[in-house]
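In my numbering, the protein residues as written are 352 to 498.
C-beta atoms are modelled at their ideal positions from N, C-alpha and C, and glycine is treated no differently.
Note that the structure is a prediction, hence the values are computed from the model and not measured.
What follows is a short report on a single structure.
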C-alpha cells in the first residue's frame with residue numbers, strides 16, 4: 352500500500368513535466384502590438400482632416416453670412432460704444448425703427464426710440480466705428496427734445 356500514493360503522485364506529475372519541457376523547446380513569437388504606429392498616424396491624420404473641414408465650413412458660413420438659428424436682417428446693430436467697464440450704448444435697427452439701448456450685465460434698458468435715418472448709415476460707413484457716435488446721439492436727442 353505504500354507504493355500506491357507514490358504511484359498516484361508520479362502519474363499526476365508526469366504530464367506536467369512533459370508539458371514544461373515541450374514549452375521550453377518551443378519559441379513563441381511576440382504578437383504584434385494591437386495599435387501600431389501606422390494606425391495612430393492614420394487616425395491622427397483623419398482627425399486633423401475632419402477638424403480642418405469643420406473650420407473651413409465655419410469660415411465659409413461666416414464669410415457668406417449664413418447664421419444658424421434665426422433670420423438675418425430682422426435685428427441689425429448699427430453701432431455701439433462702451434460707456435464703462437461693462438456697460439454699452441447700442442444703436443439697433445428693427446424694421447423702420449431705431450432703438451438706442453443701454454446694455455449692462457443682466458439687463459437691457461430702452462433709452463430712446465426713433466425713426467430710421469438713412470443718412471446716418473451712409474456716414475457710418477464712411478467714418479470709422481465708434482467715431483462721433485456720442486456727438487450724433489447728443490444731436491439727435493437735442494433735436495427730439497426741441498420738437
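Taking residue i as the reference, which of the options has the closest Cα?
i           : options               : result
residue 430 : 359, 400, 488 and 460 : 488
residue 428 : 491, 362 and 448      : 448
residue 483 : 433, 450, 406 and 464 : 433
Does chain D have any CB closer than 8 Å to the CB of residue i?
i           : result
residue 467 : No chain D appears in the structure shown, which is made up of a single protein chain.
Assuming residue i and residue j form a contact by the criterion Cβ under 8 Å, report the distance between their Cβ atoms to the nearest whole angstrom.
i           : j           : result
residue 465 : residue 495 : 7 Å
residue 443 : residue 450 : 5 Å
residue 426 : residue 408 : Wrong, their Cβ atoms sit about 25 Å apart, outside the cutoff.
The beta strand (DSSP E) that contains residue i, what's its start and end?
i           : result
residue 427 : 426-433
residue 457 : Counting along the chain, residue 457 falls outside any beta strand (DSSP E), and DSSP gives it neither H nor E.
- Inspect the CB distances between the region 452-461 and the region 429-444 and report whether three or more fall short of 8 Å. A contact between stretches requires three or more CB pairs, one per stretch, nearer than 8 Å, and the region 452-461 meets this requirement with the region 429-444.
- Mind listing, in chain order, the continuous alpha helix (DSSP H) runs of no fewer than 4 residues lying wholly within the region 389-423? For the region 389-423, not a single whole alpha helix (DSSP H) run of length 4 or above is found.
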